[in-house]
Structures are given as structure tokens and as C-alpha cells.
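Visitor: According to the UniProt record's numbering, the sequence shown is numbered sequentially starting from 1.
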Amino acid sequence: MFLNYNSLDSLAIYYTQRTLRNTRCGGQCEIHVADRQQRVVVNGVYSAQGLVTSGVPQGSVLGPILFNIFISDIAEGINGKVCLFADDTKICNRVDVPGGISQMTNDLGKLKKWWELWQLSFNVDKCKIMHLGRKNPRAEYRIFDTVLTSTSEERDLGVIIAEDLKVSSQCNRAAGNAGRMLGCVGRACISSRKREVLMPLYRALVRPHLEYCVQYWRPYLQKDIDLLERVQRRATKMVYGLKEKSYQERLNDLNMYSLEKRRDRGDMIETFKYVKGIHKVEEGSIFKRKQSSKTRGHSLRLEGQRFKSNIRKHYFTERVVDTWNSLPVEVVEAKTVIEFKQAWDRHKAILNKR
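In C-alpha cells:
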């Protein structure tokens, strides 16, 4: 379930102050929301000062922090898993088991009580429900007698999530945005096709569209892989003197990797961060260490999980296990991320020469 809040301008200052008093930094943060005033300026004419009774300071670092503090207790008493990130809230529940639907309904009832207590309402018309799984009964759920809209796709934190968990829609969107940006770059640089001009612009403006959060939605169907790679093929062809060369030759001349190889490298970098504790997550929540008496291989091997669905093997936590376990000791025992990147590049260079 995806929850959407009404305008934060409706958030009463009184309730924000009451929440802050229960935190360590309450006294200092309360100063920023108490006794605030505002006025309007039109053509240099100032209106009278008016007391601000609702909202949080926007356009500042403090604003999102205050909002996160305010909704920090929304998950209390909720049986399902609640995911909070800024003003994005999601609730996940298993409903294909006895009592699953009633549990989800009870969670919605608790959200209603939280809404009434703290006077921060949800925009019910924009709240949506997504049914996952073949055995999902696809029941109707209500908030304040309003049936929540069912959706097959939803954009969450910049990534399109589909109810079948496939990533083709996200690939189409990423390739489309990158292609349009590449067209803008080409028109802006029509008088100069030098690599010193085009490639920095490609790396800064185009490639981020193809790689934003890609460890989560990495494509596995060949049609999606080719769709993304086509954008980089087009970009390398735009460089003066490289149009007639093959794609691999163009990459070698420009000292670049294909997008697929960059995704392999990115997977290992993120795995390294999880294994080494750089990403602060609960131990064992992402990966489990392999307990084995075998002396072959390194000591940081991971244990793969069993899964029934074919799509599960393409998840980040499953697809990286074999590659990580096959890495030599000198790569996985790097001290820093920079050292790991350098060791990975040396390792891949050796493999390519064989």
C-alpha cells in the first residue's frame, strides 16, 4: 500500500511542538517552529505580519527532519511492515494466509486513529494498493469508507514498481529519458564532436538516467539489456572518427565499459559495502555468511537462499552470491571501497587477457 499525505502546510504547529518535546533535540528544534510569522510582498508592497499556525519550514534541511520526527510513531501497533522515507510511506502485508485480510484492515483502522490524533490527513484519492502474487485474493480496502484504488504500476522513489515485479517499464522509462537527454546534448554540440566535449556531457547528463538505483531494477531480459545499451551505442557513435568502428572498438578507444559490465561492477561494489558493514544494516538482514569448513576460497563467502519463482534469482541478494564467492582473496579483503574498485578492475583485466 502506498500512502500519500495531504499538503504539509496543513500540519498544525501545536502538534509538531508536542512531538518535539519528546525528543532529545526538542528544545532546540522547537525554536524554529514556535512564533513564526509570514507576510506577502507584491510589487514591493508588504502585507501585515501574520502568525503561522501550520506547516513546517520548507526549503531547509530542518523541514524534512521535523516531518520525519513527526511521523516516526506511525508504525507503532501496525502488524505489517512499514517503510518510511521522507514523506513516502508504504505498508506491506501478507494476505494469502488465514487472517491476512483482516490484519490489513486492522492496520488501516490504526492509521485512521493516528490520523485523527495528530491531524495529518492522508490524500485518500492518491493512496493506492498493489496486489502482489498469484494467490493474492485482491480484496478491497477502505479508508474512511473510500475504496483504495488498485494499481498495477507505481513510481516509488523514482523507480517504477510493477505488480508482476518485472522491470521492463522502468527500462523503457530510463531509456526514453536518457535518449531525449542525449538528443539535447547532440544538438548543443553540433559544431563539436570531440570526445573531450561529448563524453563528459554523456557521463554527467545521460548515463545517470540509465544507472539510477540500477542495483534494484537491473534488467535481466535481453530485450531490456539491449534497450539500455542502445543509448550508449548511439552516444559513442556521435564522437568524431568513431562512427565506422564496432561498438567494442569504440568502447576501447574511449576507455569505457559496456553498461552491462558497469552493472556487474556496481553489484560487487554494493555487495562489498554490505559485507564490510559500510552500509549500516542489521547483520544477516541482507546476506548470510556461509558456514563451511572448506579452505578453498576466501572467508567472506555468502550463502544463497532457496527460491521457487524464476524471477527471484535475478534479485540483487541472489544474483551476486556466486560472483562474490568466486572472487580471489586479494579483491574481497580490500580495506576501502577505492581499493576494492582498483582490485576488481585488475581482476577483470586479467580475466579478459586469458
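Note that beta-carbon positions come from the ideal geometry of N, C-alpha and C, so glycine has one too.
Using C-beta distances below 7 Å, list every residue in its chain close to Ile225, excluding the 5 sequence neighbours before and after it, in chain order.
Guide: Hits under 7 Å: Pro219, Glu260.
Visitor: Could you tell me which uninterrupted alpha helix (DSSP H) segments, each at least 4 residues in length, are contained entirely in the segment 101 to 127, listed from first to last along the chain?
Guide: Complete alpha helix (DSSP H) runs here, min 4: none at all.
Visitor: Roughly how many angstroms separate the alpha carbons of Ser285 and Asn325, rounded to a whole number?
Guide: If I take the Cα positions, the gap works out to 18 Å.
Visitor: Take every Cβ of the segment 178 to 198, pair it with every Cβ of the segment 137 to 151, and state whether three or more of those distances are shorter than 8 Å.
Guide: Touching, no, given that fewer than three Cβ pairs across the two stretches are closer than 8 Å.
Visitor: Rounded to the nearest angstrom, what separates Asp156 and Pro328 at their Cα positions?
Guide: Their Cα atoms are separated by approximately 37 Å.
Visitor: Quick one: is Ala174 buried, meaning 16 or more other Cβ sit within 10 Å of its Cβ, or exposed?
Guide: Buried is the call here.
Visitor: Count the other C-beta atoms from every protein chain shown that fall within 10 angstroms of the C-beta of His209, then say buried if there are 16 or more, exposed otherwise.
Guide: With 16 or more other Cβ atoms within 10 Å, it is buried.
Visitor: Pop quiz: Leu3 and Phe122 are said to be a contact at Cβ under 8 Å. What is the actual Cβ separation, rounded to whole angstroms?
Guide: The Cβ separation is near 6 Å, so the contact holds.
Visitor: Closest to Arg346 by C-alpha separation, out of Lys313, Trp217, Arg265, would be which residue?
Guide: Checked all of Lys313, Trp217, Arg265; the closest Cα to Arg346 is Arg265.
Visitor: Could you tell me which residues DSSP pairs with Thr323 in its beta bridges?
Guide: Beta-bridge pairing links Thr323 to no other residue.
Visitor: So for Gly26, helix, strand or coil by DSSP?
Guide: Since pLDDT at Gly26 reaches only 49, below the 50 mark, its modelled position is unreliable, and the value read off the structure follows with that caveat. Gly26 falls in the helix class under three-state DSSP.
Visitor: For the structure I just gave you, are there three or more beta carbon pairs, one from the segment 237 to 257 and one from the segment 312 to 321, closer than 8 Å?
Guide: Result no; under three Cβ-Cβ pairs closer than 8 Å.
Visitor: Using a Cβ distance threshold of 8 Å, determine whether the segment 200 to 216 contacts the segment 165 to 183, with at least three qualifying pairs required.
Guide: Touching, yes, given that three or more Cβ pairs across the two stretches are closer than 8 Å.
Visitor: Which ranges does the beta strand (DSSP E) cover as unbroken runs of at least 3 residues, wholly within the segment 241 to 277, from first to last along the chain?
Guide: Runs found: none.
Visitor: On the three-state DSSP scale, how would you describe Ser192?
Guide: Looking at Ser192 - three-state DSSP - the assignment turns out to be coil, as it is neither helix nor strand.
Visitor: Hey, could you find the ends of the alpha helix (DSSP H) Ile78 is sitting in?
Guide: Segment: none, Ile78 is in no alpha helix (DSSP H) and carries neither H nor E.
Visitor: Kindly give me the distance between the Cβ atoms of Met199 and Leu148, rounded to whole angstroms, as I take these residues to be in contact under 8 Å.
Guide: Their Cβ separation, rounded to whole angstroms, is 47 Å, which puts Met199 and Leu148 out of contact at 8 Å.
Visitor: For the putative contact between Ile91 and Asp107, defined by C-beta atoms under 8 Å, what is the C-beta separation to the nearest angstrom?
Guide: So it is a contact: roughly 6 Å between Cβ atoms.
Visitor: Just mark Arg39 as buried or exposed, buried being the case when its beta carbon has 16 or more other beta carbons within 10 Å.
Guide: Under this definition Arg39 is an exposed residue.
Visitor: What are the residues that DSSP puts in a beta bridge with Glu154?
Guide: According to DSSP, which records beta bridges pairwise, Glu154 is partnered with Ile161.
Visitor: Between which two residues does the beta strand (DSSP E) carrying Thr236 extend?
Guide: Taken as a continuous stretch (DSSP letters only), Thr236 belongs to no beta strand (DSSP E), being part of the alpha helix (DSSP H) at 222 to 237.
Visitor: Give me whichever residues DSSP pairs with Cys92 in a beta bridge.
Guide: Lys81.
Visitor: Just to confirm my understanding: we take Asp267, look at its own chain, exclude 5 residues before and 5 after, and list those with CB closer than 8 Å. What are they?
Guide: Excluding residues within five positions, the ones whose Cβ falls inside 8 Å are Gln215, Arg218, Phe316, Arg319, Val320, Thr323.
Visitor: Please check the pair Leu182 and Arg234, which I expect to be a contact at CB under 8 Å, by giving their CB distance rounded to whole angstroms.
Guide: So it is a contact: roughly 6 Å between Cβ atoms.
Visitor: Where do the ends of the alpha helix (DSSP H) carrying Gln49 lie?
Guide: Premise fails: Gln49 is in no alpha helix (DSSP H) and is neither H nor E.
Visitor: Determine the DSSP secondary structure at Gln305, reduced to helix, strand or coil.
Guide: If DSSP states are grouped into helix, strand and coil, Gln305 belongs with coil.
Visitor: Quick one: what does DSSP say Ile74 is sitting in, helix, strand or coil?
Guide: Three-state result, Ile74: coil.
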